[in-house]
Structure formats: C-alpha cells, structure tokens
Amino acid sequence: MSQNTATVPDERLVKGNHDFASITKLISDIPQEKTPLWWYIAFGIANILLAVMLAMVVWLIWNGIGVWGLNQPVGWAWDITNFVWWVGIGHAGTLISAILFLFRQGWRTAINRFAEAMTIFAVMCAGLFPAIHVGRIWTIYWIFPLPNSMQLWPNFNSPLLWDVFAVFTYLIVSTLFWYVGLVPDLATMRDRVKGKISKMVYGAFALGWTGGNRQWQHYEKAYMILAGLATPLVLSVHTIVSFDFAVSIIPGWHTTIFPPYFVAGAIFSGFAMVLTLMIISRKLYGLEDIMTVDHIEKMNIIILVTGMMVGFAYGMEFFIAWYGGFEYEKFIFINRALGPYAWAYWTMITCNVIAPQFFWVKKFRRNVTLTFILSIVINIGMWFERFVIVVSSLATDYLPSSWGYFSPTYVDVLTYVGTFGLFLTFFLLFLRFLPMVAIAEIKAVLPQANPAYYRSGNGNSSKSD
Amino acid sequence: MSTMQKTYGILAEFANPADLMDAAAEVRDAGFKHFDTYSPFPIHGMDDAMGLKPSKLGWIVLGHGIFGLLGGVALQSWAMSIAYPMHISGKPFLNFPAFVPVAFALVILLAAFGTFMGLFFLSRLPRLHQPIFNSDRIAKATDDGFFLCIEAADPAFSEKKTTDFLKSIGATEIEIIPE
Numbered sequence: 002m003s004q005n006t007a008t009v010p011d012e013r014l015v016k017g018n019h020d021f022a023s024i025t026k027l028i029s030d031i032p033q034e035k036t037p038l039w040w041y042i043a044f045g046i047a048n049i050l051l052a053v054m055l056a057m058v059v060w061l062i063w064n065g066i067g068v069w070g071l072n073q074p075v076g077w078a079w080d081i082t083n084f085v086w087w088v089g090i091g092h093a094g095t096l097i098s099a100i101l102f103l104f105r106q107g108w109r110t111a112i113n114r115f116a117e118a119m120t121i122f123a124v125m126c127a128g129l130f131p132a133i134h135v136g137r138i139w140t141i142y143w144i145f146p147l148p149n150s151m152q153l154w155p156n157f158n159s160p161l162l163w164d165v166f167a168v169f170t171y172l173i174v175s176t177l178f179w180y181v182g183l184v185p186d187l188a189t190m191r192d193r194v195k196g197k198i199s200k201m202v203y204g205a206f207a208l209g210w211t212g213g214n215r216q217w218q219h220y221e222k223a224y225m226i227l228a229g230l231a232t233p234l235v236l237s238v239h240t241i242v243s244f245d246f247a248v249s250i251i252p253g254w255h256t257t258i259f260p261p262y263f264v265a266g267a268i269f270s271g272f273a274m275v276l277t278l279m280i281i282s283r284k285l286y287g288l289e290d291i292m293t294v295d296h297i298e299k300m301n302i303i304i305l306v307t308g309m310m311v312g313f314a315y316g317m318e319f320f321i322a323w324y325g326g327f328e329y330e331k332f333i334f335i336n337r338a339l340g341p342y343a344w345a346y347w348t349m350i351t352c353n354v355i356a357p358q359f360f361w362v363k364k365f366r367r368n369v370t371l372t373f374i375l376s377i378v379i380n381i382g383m384w385f386e387r388f389v390i391v392v393s394s395l396a397t398d399y400l401p402s403s404w405g406y407f408s409p410t411y412v413d414v415l416t417y418v419g420t421f422g423l424f425l426t427f428f429l430l431f432l433r434f435l436p437m438v439a440i441a442e443i444k445a446v447l448p449q450a451n452p453a454y455y456r457s458g459n460g461n462s463s464k465s466d
Numbered sequence: 055m056s057t058m059q060k061t062y063g064i065l066a067e068f069a070n071p072a073d074l075m076d077a078a079a080e081v082r083d084a085g086f087k088h089f090d091t092y093s094p095f096p097i098h099g100m101d102d103a104m105g106l107k108p109s110k111l112g113w114i115v116l117g118h119g120i121f122g123l124l125g126g127v128a129l130q131s132w133a134m135s136i137a138y139p140m141h142i143s144g145k146p147f148l149n150f151p152a153f154v155p156v157a158f159a160l161v162i163l164l165a166a167f168g169t170f171m172g173l174f175f176l177s178r179l180p181r182l183h184q185p186i187f188n189s190d191r192i193a194k195a196t197d198d199g200f201f202l203c204i205e206a207a208d209p210a211f212s213e214k215k216t217t218d219f220l221k222s223i224g225a226t227e228i229e230i231i232p233e
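Protein chains in written order, with our numbering: chain A, 2 to 466; chain B, 55 to 233.
So this is what it looks like as structure tokens:
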C-alpha cells in the first residue's frame, strides 16, 4: 500500500476566528442590546394575530363548534389538521435536541436551543385545537383520570385518550429538557447583565449554577438521560397521533403504515420550519458564523431523506389500496387523486414530493434563498397532507348518499392564522430575553475546548506538554 | 477587611482546559477532597482527573421510571376493571395491549421528573447564593475562565501551603475567597 491516503478533516462547526469570550459576547449580548425596531413591529403583528385567535376561540366557545365549517359526514377538518400539523412541526426540535445528540452530531448545538423553543410553542398551538374542538370545553377535565362526583373514569382503550397522555407528556418533557439546557446559559447571562433587576431574574432562574465540575458531572448525565427519554417519546407521540386515525375503520385512515409515515412527515415539516425561522434569525442577529451554510446543507439532506420517505408512503398507500383488494379503500385513493379534493392532493404532491428534489444538487442545498422558499413550500405541503388525510377520507366514506364537502368558514381560517400569533408572540419573547444558541454547548464544540488541542502543540499552553 | 474573616477557599485560575485538567489531577494526587474545578463548559476527562465517582443520577431515574410503570398499569387496571368496568366491543376489562401507550407515557413522564429533580438534588441546587460567588473573578467561569478552588473545609488545607502548591502547579492567578 502506497501512501496515497490523507485524513480529510471535518469542516469546522463554528466559522470565523472565535474564542470562548467572543462566543459569549456574540450570543449573550443579544438580549442586552437595545430592542431593534423590527422586533417591536413583529411583536405588534404577532399580538394582533394572538388577539384574533383569542376572539375566535371565545366566539367558538360562546356559539358552539357550528361556527366552523364542519358538517355531516366531515366532523373533523381544520381543527385536527392544524393539531397534527403543529405537533409535527414540534417534532423536529426534539429530533435535533435528542436524537442528533445521541448520534453525537456536533452541528446540532448551533440550532438545538431555538429548535426546542419552537417545539414547545408549536405543541402549545397544537394543544389548543383538540381542547376547543370538544365543544363543551367546560367538561374538558373529563379526559384526565381525576376522581369526580360521577364516578366516571376515562376509557383507556381509546387512542384519543392515549393522545392526551402522549401530548401532555411531550409538552412537559420538552420543557424540562429545554430548561435543563438553559441553566448554564442563564448563569452566563446572570454574570454578564448590568441591570440589577435583570441580574436578579436571570440569577433566580439560573438556580445558583456555578459551572463547577461537580455540577457539570450530573448535568451531563441528566442531559443524556433526558435525550434518551425524549427519543422514544417523540417517536411515540406521532405514532399515537396516527393511531387517532389508524385505529378507526374509515377507508384511507385504517392503515398500518401510518405510524412511520406520520413520524417521517413530522420531521420533514419540522425541519422546514426550523429552517424558515433559522434563516431569518441568523440574518437579523448576525449569527452566520454559528448557523452556517453547512448547517443548512445538512438540514436540507434530512429534508430530502424524510421527503423521500413521505413520497414513498404516498406511493405505498396506493399500492396497498390496490393490493388489499378492499373496494372502499381502492375508491378513496382514486378519489383523492381525481375527486373533489384533487386540488389539495396535487398541491400536497407538488410541495412534498417534487419540491424537495432540488436538494439532490449541492448548489441548491447550499443556496439560502432557495432553501428559505422551499421550507415554506414544504410546510404548506405538509398542512395539505394532513388536510387530505383528515377531510377527503371523511367526505366520501362508505355510503354515497351521505357524502359531503367541507368548506372552511372565516372562523376556521382566522383561528388557524391566529395560532401563528400565539407561536410568534412566544418565539419573539424567547429571542428577546433568552440566549437563542446554547452558549456552553457551542463552546464545547470549539477545538480549543478539548484538552488534547493544547497537547498537540496547537495552543499557547505554558506547561501542559 | 479584618484578618478574623473566615476563608471559604483558595481560587486559582488556569490558562486553558488542559492546564486545568492537569492541575485537577495534581490536586487529587496531593490528597485533597474538598475542591472543584469551574469551567464554562464540561471538560471531558475532568471527572477522572478530579477522581469523582460516577453520577448516581441513573438510579434515581430508574426508580422514578419503575414507579411510573407500576402506577400507570395500576391506574388503568383499576379504572377499567374495578372503578368503571364497561363493555367496549367485547374486549376484556383488563385489555393490557391497550394499556401500553399510557403506561409508556407515564414511564417517560415520571423518569423525566426524576431526572430533573435528581439533577438539582445531586448538584445541591437551587441556591440563591453560593460562597464561591464571593470571588471577584469567578464570573469569568461562565465566560472563558478556568478555575480550581480548594476549600478551607479540606483537612489538608493551609492558606499558605495551599497557595504555594497551587502556584507550583501552574495557576496564573490566586485569590482567597472569604466565607
């Protein structure tokens, strides 16, 4: 063997010539700077949308769910579509924070903090819809196993109840995971902010973190355990969401492919949402050294992979509809592509199957503008996927005499648009007051963080050779 | 300040993670027990350098997870067969396959609570104040400083000798922290 081999070094995760102090400054100074004008404008718009959402929810509760466009047989429409869409978006945050952590993907540190924030706020938006779609919301506590005067207990055989447990657990675990990761960075904020009150507030939430190794030791263990817990959880949550459909006997819902298909779709749409938010914030806050084009490329590869999985599932559904030999199933799929909801079906195919194909080409994967546009296209496509699954199956089920067609009312539309207000209000507050990148984790992936760096003669070490 | 003030410990600053890790190993070998190293991020290999035993957090989490599993199965079995037995399409009251998702969610939920509370229990947090915060320099530990503090509580501690010892192992700055 001749010496024709060479080690190809990995691309550096953090670009620019950063040391520990400049990373601290870059990230932790953002909440201390004067609030930029665009933030106030964006926050104002988000608040208006939030107010619209609240008004629509009050209107719905006051009048009953008849103010939505629901009819017989379409009893689930935008509400459940929005629920599945928002939960799915949340899943990318957990994938980045937990699964990529377990796979030791160092690049995740640049984006995990705000992907996790996105998860929490997306799950909050998602949780709204099942809560208000029950109609008599004042009895919503019946879904919890609480002792009550009627001696009534929930039906644990029902996937709808499993969903309650799964989504609540998901929201709580995601929040705990996010907060554990924040504690060392809140300590950094505590030690840097000037104002007395902000020092106290950051200090209180930092819980007295010192950065001592006797704390780091448990912290690292806790972080790994939480990642290990969140990984099966995130897969189970969307699996159980898909059970809401798959366990029923409606043609087009009653399929065993749903759990993996839903999970892949969730990651697909979630990564698109992370990209949308990331491309805007890295520009606005000048974080291009941390959230680099390499990150965008890696995420685009994941989008391509999960997009292909989703496309495969679309094809497989058709194959099984034919191969299964069940007339109603066969009909529902032909009807999806050619029937009254064909426009929604082909929107979905265009956005989810055709659009990501651009990412086969490296030049497109690394093109920020194209990525931004496609990330929005993909989220539109994934919304339509859920709409097609939920509505087209219900609208034309077994009995042709009871077929219907769903058209949304303004309440449907404004409630959905309003959830963006809820999401953006929280997200903007997060950008404004919390370190949006995990400072301690970013430092740990710098080459200088590794003691071996100083021993190989790179550093300016005085004695450690 | 008066010389009567009690000392909490001696804080030594080091230039970089490698120096800090070597120093920690020297302090460990010199027989000190009450000391800690402070850094802006966890340094891999530091646990061994300091001679720390592995974290016991896993056992706390395991306990909580088992409690979640038993509680989840018990809750569902009791609710479905004793408290509110109901025939649902001919299924048995104790329909264990259907209990898996909720029991699983409760295992994860309880284990996550266990991790969260266990982490802060083992790290002796939350605290509004730590004696180490009396130092003027320690704020750098959350930015770009690497420190080692030997506490006065250690039997081998002596203000003069420990200071000289820390200097001899490469400390760039020394500070005596009052209690």
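For glycine and all other residues, C-beta sits at the position ideal for the given N, C-alpha and C. The model shown is predicted, which means the values in this text are computed figures rather than measured ones.
Confirm, please, whether the CB-CB distance from F122 (chain A) to F407 (chain A) is below 9 Å. no
Alpha carbon to alpha carbon, how far is L161 (chain A) from V168 (chain A)? Give it in angstroms, no decimals. 11 Å
Within 7 Å of chain B by C-beta, residues of the stretch 195–206 of chain A in sequence order: The residues in question: there are none.
Alpha-carbon to alpha-carbon, G224 (chain B) and T170 (chain A): 49 Å
Quick one: is P146 (chain A) near chain B, going by C-beta distance under 9 Å? It does: the Cβ of P146 (chain A) has a partner Cβ on chain B nearer than 9 Å.
Tell me T91 (chain B)'s beta-bridge partners as DSSP assigns them. B:L202
What are the start and end residues of the beta strand (DSSP E) that includes I62 (chain A)? First-last for I62 (chain A): 38–64, but that is the alpha helix (DSSP H), not the beta strand (DSSP E).
Can you list the residues of chain A that D197 (chain B) reaches, using a CB-CB cut of under 8 Å? F21, A22, T25, T189, D192, R193
Taking T372 (chain A) and N301 (chain A) to be in contact with their CB atoms under 8 Å, please state how far apart those CB atoms are, rounded to whole angstroms. 6 Å
Grab me the residues of F319 (chain A)'s own chain with a C-beta within less than 6 Å of its C-beta, minus the 5 sequence neighbours each way, in chain order. F334
Per-residue contacts from Y455 (chain A) into chain B (C-beta, under 9 Å): A69, N70, P71, A72, D73
Starting from L129 (chain A), trace the alpha helix (DSSP H) both ways and give me its first and last residue. DSSP places L129 (chain A) inside the alpha helix (DSSP H), whose first and last residues are 113–134.
Going by C-alpha to C-alpha distance, which of B:H183, B:F121, B:A103, B:E213 sits closest to A207 (chain A)? B:H183
Can the beta-carbon of A231 (chain A) be found closer than 9 Å to that of G212 (chain A)? no
Within this structure, are the beta carbons of P185 (chain A) and L395 (chain A) separated by less than 9 Å? no
Proximal residues, the stretch 165–181 of chain A versus chain B, C-beta separation under 7 Å: F166, A167, T170, I173, V174, L177, V181
Measuring straight from C-alpha to C-alpha, what distance separates K87 (chain B) and G112 (chain B)? 24 Å
V438 (chain A) and H239 (chain A): beta carbons closer than 9 Å? no
Going straight from the alpha carbon of K35 (chain A) to that of S199 (chain A), what length do you get? 14 Å
Taking only beta-carbon positions, decide if I440 (chain A) is within less than 9 Å of chain B. It does: the Cβ of I440 (chain A) has a partner Cβ on chain B nearer than 9 Å.
Which chain A residues sit within Cβ distance under 9 Å of N149 (chain B)? F157, N158
8 Å contact criterion, which N156 (chain A) and I114 (chain B) should meet: CB distance rounded: The pair is not a contact, with the Cβ atoms about 33 Å apart (cut-off 8 Å).
Buried or exposed for P357 (chain A), going by 16 or more other Cβ atoms inside 10 Å? buried
Taking Cβ to Cβ, would you say L234 (chain A) is nearer than 9 Å to F170 (chain B)? no
Check whether chain B comes within 9 Å of S237 (chain A), counting only Cβ atoms and requiring the distance to be less than that. yes
What's the call for A52 (chain A), buried or exposed, on a 16-neighbour Cβ count within 10 Å? exposed
Members of the stretch 126–142 of chain B that neighbour chain A once the beta carbon cut-off is set at 8 Å: L129, Q130, A133, M134, A137, Y138, M140, I142
Looking at the secondary structure, which residues open and close the beta strand (DSSP E) in which I231 (chain B) lies? 227–232
Apart from the five residues just before and just after M55 (chain B), which ones in its own chain have a Cβ nearer than 8 Å to its Cβ? In this prediction, M55 (chain B) scores a pLDDT of 46, lower than 50, which makes its location untrustworthy; the coordinate-derived value is nonetheless stated afterwards. Closer than 8 Å at Cβ, skipping near neighbours: P232.
For the stretch 62–115 of chain B, which segments carrying the beta strand (DSSP E) assignment without a break, of at least 3 residues, lie completely within its bounds, in sequence order? 89–92
With 16 other Cβ atoms within 10 Å as the buried cut-off, status of Y13 (chain A): Per the sequence shown, residue 13 (chain A) should be read as Arg rather than Tyr. By the neighbour-count rule (16 or more Cβ atoms within 10 Å), R13 (chain A) is not buried but exposed.
Same chain, Cβ closer than 6 Å to S376 (chain A), neighbours up to 5 away in sequence not counted: A273, L276, T277
Reduced DSSP secondary structure (H/G/I, E/B, other) of G405 (chain A): coil
Against chain A, does S33 (chain B) count as a neighbour if the rule is that its beta carbon must be under 9 Å from one of theirs? There is simply no residue 33 (chain B) to check, as chain B begins at 55 and stops at 233 in what is shown.
Residue span of the alpha helix (DSSP H) that contains K26 (chain A), given as start and end: 21–29
For chain B, check one thing: does any of its Cβ atoms lie closer than 9 Å to the Cβ of G212 (chain A)? yes
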